[in-house]
Amino acid sequence: MIRLRFSRKTLGIPYAVFLLFFVIAPMFVILFYAFTDRENHFTFMNFVRFFSDPTKLSTIVYSLVIALITTVVCLVIAFPIAYILARSKMKRKFVILMLFVTPMWINFVLRVNAIRELFNWMGLLGETNYFNTVFGMVYDFLPFMILPLYTTIMKIDNSLYEASADLGGNAFTTFTRVTLPLAMPGIMSGVTMVFLPSMTNYVVSDMLGNSMVTIIGKFIYEYFGTDWHMGSMVALVLLIVVFVSTWASGGFKAEENARGANL
Amino acid sequence: MAEHIIELQNVTKYYDDNLVIDNVSFYINKGEFITFLGPSGCGKTTTLRMIAGFDVPTSGKILLHGKDISLLPPNKRPVNTVFQRYALFPHLNIFENIAFGLKCKRVENTYRNADGKEYTKREKLSKKEIREKVEKALALVDLEGFEKRSVATLSGGQQQRVAIARAIVNEPEILLLDEPLGALDLKMRKEMQIELKEMHRRLGITFIYVTHDQEEALTMSDTIVVMSDGVVQQIGTPIGIYNEPANTFVADFIGESNIFNGTVVGEKKVRFCGHDFKCVDDFEKGDAADVVVRPEDIVMCSPSEGDLKGEVISVVFKGIHYEITVKVGKYEIVIQSTEKREVGDKIGMKIAPDGIHLMRPNYTTNLFDGVITKRNTVRFADGEFECDVTQLYPGSHVDEEDYLVLPSGEKLDLTDTEVTVEVGLNDITISDDEDAGGTTGHIISIIYKGDHYRIIVRTEEEEEDFVFASEDLWNENDYVSVVIPKEKIKLTLKHPEEHKGAGAKAEVQS
Chain A
131 MIRLRFSRKT LGIPYAVFLL FFVIAPMFVI LFYAFTDREN HFTFMNFVRF
181 FSDPTKLSTI VYSLVIALIT TVVCLVIAFP IAYILARSKM KRKFVILMLF
231 VTPMWINFVL RVNAIRELFN WMGLLGETNY FNTVFGMVYD FLPFMILPLY
281 TTIMKIDNSL YEASADLGGN AFTTFTRVTL PLAMPGIMSG VTMVFLPSMT
331 NYVVSDMLGN SMVTIIGKFI YEYFGTDWHM GSMVALVLLI VVFVSTWASG
381 GFKAEENARG ANL
Chain B
24 MAEHIIELQN VTKYYDDNLV IDNVSFYINK GEFITFLGPS GCGKTTTLRM
74 IAGFDVPTSG KILLHGKDIS LLPPNKRPVN TVFQRYALFP HLNIFENIAF
124 GLKCKRVENT YRNADGKEYT KREKLSKKEI REKVEKALAL VDLEGFEKRS
174 VATLSGGQQQ RVAIARAIVN EPEILLLDEP LGALDLKMRK EMQIELKEMH
224 RRLGITFIYV THDQEEALTM SDTIVVMSDG VVQQIGTPIG IYNEPANTFV
274 ADFIGESNIF NGTVVGEKKV RFCGHDFKCV DDFEKGDAAD VVVRPEDIVM
324 CSPSEGDLKG EVISVVFKGI HYEITVKVGK YEIVIQSTEK REVGDKIGMK
374 IAPDGIHLMR PNYTTNLFDG VITKRNTVRF ADGEFECDVT QLYPGSHVDE
424 EDYLVLPSGE KLDLTDTEVT VEVGLNDITI SDDEDAGGTT GHIISIIYKG
474 DHYRIIVRTE EEEEDFVFAS EDLWNENDYV SVVIPKEKIK LTLKHPEEHK
524 GAGAKAEVQS
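Just so you know, the protein sequences line up as chains A and B, in that order. Sequential numbering of the first sequence, starting at 131, is according to this note's numbering. Sequential numbering of the second sequence, starting at 24, is according to this note's numbering.
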């Protein structure tokens with residue numbers, strides 16, 4: 131009989147292989163395509179073309195604005211729900227939380243189609259394209275905002291609210307100086323989980339925006355039909371935008387990871 | 024007369040359907056160090072929380088300087104709390120934690136405008152004022168220079184000090200402390216006890232302290248409020264409570280005690296452990312009494328000189344004294360003495376009259392409201408017991424159809440008859456087997472009485488108490504079933520006059 135012994139290091143090998151082949155290598159492939167032309171010669175042309183084309187730049191701006199609005203709306207809707215559910219002593223609150231989250235389990239395309247039909251019936255399809263897009267995204271991504279907020283707020287010790295009231299804080303001070311800062315890790319991870327897909331998930335914008343709303347993800351998709359090199363460049367730019375915005379919002383801080391709700 | 028800073032008037036508190044505070048009334052003098060003492064679940068923390076404003080009384084009033092503050096939110100009360108697990112804000116550093124209350128505070132400043140008219144403005148404290156106050160508070164708890172540290176880097180004792188500083192920096196009229204030393208080790212706790220006492224003296228404000236540690240309460244307090252089961256058992260000075268406990272609960276909870284069942288046999292004379300002792304309490308001759316003797320009040324002597332004679336069965340060294348257990352007949356008596364004895368020694372014991380405390384027994388019998396069922400059993404205290412229903416009507420008997428037949432031949436259907444059930448203190452036994460008895464409950468109290476234990480079992484739904492004597496040792500919180508022999512259940516009709524009508528009705532039915 132063969133005795134198998136795994137050290138922690140050997141257990142890590144499959145993951146390392148996975149990361150190498152499916153994360154790191156593809157990134158280099160993108161990098162390679164972004165800075166080469168069709169004859170595979172090194173070039174900055176894609177870069178220059180991208181930043182000298184007003185349509186491409188405005189698409190980036192549009193994508194950012196749509197993603198931003200979606201994220202803010204999600205946050206505004208999710209925070210009160212998460213707060214109320216997390217703090218209520220209700221026995222069946224889990225059921226309510228599940229109701230908010232269950233749409234995630236229903237096929238995404240089906241859900242978006244349903245909204246599309248609804249808008250069509252209301253005569254909004256093709257009329258209010260940006261509104262429709264944001265509405266669809268908020269509907270789709272709301273659970274990703276509620277869940278991390280709920281878990282973070284759940285973890286806030288009730289005695290901290292009492293301490294704040296005891297020290298003279300009214301409801302508003304308690305919210306701004308205790309609840310909000312302590313919920314920040316949850317807010318950050320919720321924001322990350324909503325903001326990124328809203329930049330790239332063009333299925334929603336295509337179907338609900340009646341193909342009149344182009345977001346950056348759509349762009350990448352279209353280029354990969356014709357020009358891999360330009361597509362890679364757009365993907366690279368998106369990666370940098372996302373990286374910078376995550377870094378700026380402090381999403382990489384180890385301390386906040388330690389608080390548990392970050393992903 | 025000292026001013027009453029806080030007064031509770033008939034305060035009752037329910038959590039959902041659970042009664043946690045049962046009609047409590049007392050007052051607290053200004054400047055006092057008062058301690059709420061009791062076992063967990065006795066309602067001491069709830070009382071504190073109602074004074075802080077975190078909980079609202081279900082009924083009754085809480086007065087501050089004579090004004091009703093029962094419904095005032097915590098941020099409007101001149102009261103600050105040191106929480107059980109400190110409740111320091113993890114996202115703020117030490118300075119910000121302590122400054123939290125000061126930043127919420129608004130003070131009225133009077134100014135003179137250009138026309139020479141005075142006007143007042145509600146303003147925040149200046150940065151400088153806040154800094155000075157925080158530094159002063161940190162100095163008071165010996166944590167100078169800790170301003171920039173984060174909460175997570177502090178030890179338990181340091182966090183405790185920050186919590187105290189955060190409360191007293193607001194200059195409250197009353198400081199509430201909810202088991203603040205519970206999480207500290209013994210040595211640290213002793214040090215903090217002395218420091219808190221010293222802080223109380225220096226600040227001159229009222230301290231309300233909650234603890235389950237009787238030694239802590241005796242060490243620190245001016246006044247102790249002993250609570251149990253949502254009821255105040257006794258209020259008094261530490262010396263008063265220790266020397267003159269109001270009942271067996273207090274005697275058992277505060278310090279070590281020997282508790283016996285006694286009978287008053289003459290003027291200031293009581294009989295227990297098979298001997299008549301002189302005492303100082305004057306009870307009616309023939310009365311039953313609970314007798315409390317502190318272990319240090321029993322003096323050992325030679326067997327010939329002693330009022331009681333016995334054999335030493337255990338000796339435990341406790342540091343300052345020996346704890347010596349002596350078997351006297353069927354009784355066990357605990358003695359604390361600096362003199363050593365060996366196991367097996369025959370010794371005599373004497374007790375001075377002022378070492379013997381008599382108390383009215385809390386319980387003399389068990390009374391319940393019950394209902395007779397179809398099968399002629401009686402239902403009470405969440406359970407159903409076999410009983411002899413013929414005792415309700417002398418000379419009656421039960422026929423094969425479960426009717427009660429009176430001597431006159433009249434048939435009675437006793438179903439749903441309301442009765443009073445009485446069970447003596449010696450007529451109850453308990454069992455591990457849940458199905459052995461008529462009802463089940465948890466043991467909520469055990470007090471050793473020299474030769475037996477007095478046990479109280481409380482049922483879950485109706486929260487009825489069974490009080491009884493038992494030779495066997497059980498544990499608090501044990502889940503047991505209550506066994507009462509059929510012949511020991513005494514029944515009396517609640518409404519004897521009404522029942523005649525019911526009997527007539529039964530006859531019509533049959």
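Where is the CB? At the ideal position from N, CA and C, for every residue including glycine.
{"query": "Cβ-based contacts, 7 Å cut-off: residues of the region 251-269 of chain A near chain B", "result": "none"}
{"query": "Residue ranges of each beta strand (DSSP E) within the region 402-469 of chain B, 3 or longer", "result": "406-409, 441-447, 452-454"}
{"query": "Top-ranked residue by Cα proximity to E146(B), from A240(B), Q359(B), T361(B), E131(B)", "result": "E131(B)"}
{"query": "Cβ shell of R398(B) (< 8 Å), same chain only, five flanking positions each side left out", "result": "D425"}
{"query": "The beta strand (DSSP E) enclosing R477(B), as first and last residue numbers", "result": "476-482"}
{"query": "Interface residues of the region 287-301 of chain A facing chain B [CB-CB below 8 Å]", "result": "D287, S289, L290, E292, A293, S294, A295, D296, L297, G298, G299, N300"}
{"query": "Beta bridge counterpart(s) of R138(A) as assigned by DSSP", "result": "None; R138(A) has no bridge partner."}
{"query": "Helix, strand or coil at A311(B) according to DSSP, with G and I counted as helix", "result": "strand"}
{"query": "Interface residues of chain B facing P311(A) [CB-CB closer than 9 Å]", "result": "F112, H114, L115"}
{"query": "Start-to-end residues for the alpha helix (DSSP H) that takes in M372(B)", "result": "Here M372(B) belongs to no alpha helix (DSSP H); instead the beta strand (DSSP E) covers 369-374."}
{"query": "First and last residue of the uninterrupted alpha helix (DSSP H) at L270(A)", "result": "Before going on, a small fix: residue 270(A) reads as Asp here, not Leu. Note, D270(A): alpha helix (DSSP H), 259-285."}
{"query": "Residue environment, P315(A), which counts as buried when at least 16 other CB atoms sit within 10 Å", "result": "buried"}
{"query": "Interface residues of chain B facing T303(A) [CB-CB closer than 7 Å]", "result": "C127"}
{"query": "9 Å Cβ cutoff, R307(A) in contact with chain B", "result": "yes"}
{"query": "C-alpha gap between F230(A) and P273(A), whole angstroms", "result": "6 Å"}
{"query": "Backbone secondary structure at N266(B) - three-state DSSP", "result": "helix"}
{"query": "Cβ-based burial, S504(B) [other Cβ within 10 Å; buried from 16]", "result": "buried"}
{"query": "Terminal residues of the beta strand (DSSP E) in which G83(B) lies", "result": "82-87"}
{"query": "Contacting residues, own chain, Cβ-Cβ under 8 Å from E499(B) (five flanking each side not counted)", "result": "I466, I467, S468, I469"}
{"query": "Cross-strand partners of V105(B) (DSSP beta bridge)", "result": "L200(B)"}
{"query": "Beta-carbon spacing of V105(B), I197(B) below 9 Å", "result": "no"}
{"query": "Candidates T463(B), V394(B), T70(B): closest to N46(B) by CA position", "result": "T70(B)"}
{"query": "First through last residue of the beta strand (DSSP E) which encompasses C324(B)", "result": "321-324"}
{"query": "Between the CA atoms of Q237(B) and I277(B) - distance to the nearest angstrom", "result": "6 Å"}
{"query": "Of the residues A110(B), Q107(B), Y109(B), I74(B), the one placed nearest L94(B), counting alpha carbons only", "result": "I74(B)"}
{"query": "DSSP-derived helix/strand/coil call for H223(B)", "result": "helix"}
{"query": "G76(B) classed as buried or exposed, judged by whether at least 16 other C-beta atoms fall within 10 angstroms", "result": "buried"}
{"query": "Cβ-based neighbour list, V343(A), same chain, cut-off 7 Å, excluding 5 preceding and 5 following", "result": "N259, Y260, T263, S335"}
{"query": "Under 9 Å by beta carbon: chain A residues contacting R108(B)", "result": "D287, S289"}
{"query": "Any 3 or more C-beta pairs closer than 8 Å across the region 209-221 of chain A and the region 278-285 of chain A", "result": "yes"}
{"query": "Bridge partners - V503(B), DSSP secondary structure assignment", "result": "G464(B)"}
{"query": "Sub-9 Å separation of P203(B) and M215(B) beta-carbons", "result": "yes"}
{"query": "Proximal residues of chain A, C-beta to C-beta of N193(B) below 8 Å", "result": "L297, G298"}
{"query": "H27(B), enclosing beta strand (DSSP E) - first and last residue", "result": "27-38"}
{"query": "Under 7 Å from the C-beta of G124(B): neighbouring residues of chain A", "result": "L297, G298"}
{"query": "F56(B) classed as buried or exposed, judged by whether at least 16 other C-beta atoms fall within 10 angstroms", "result": "buried"}
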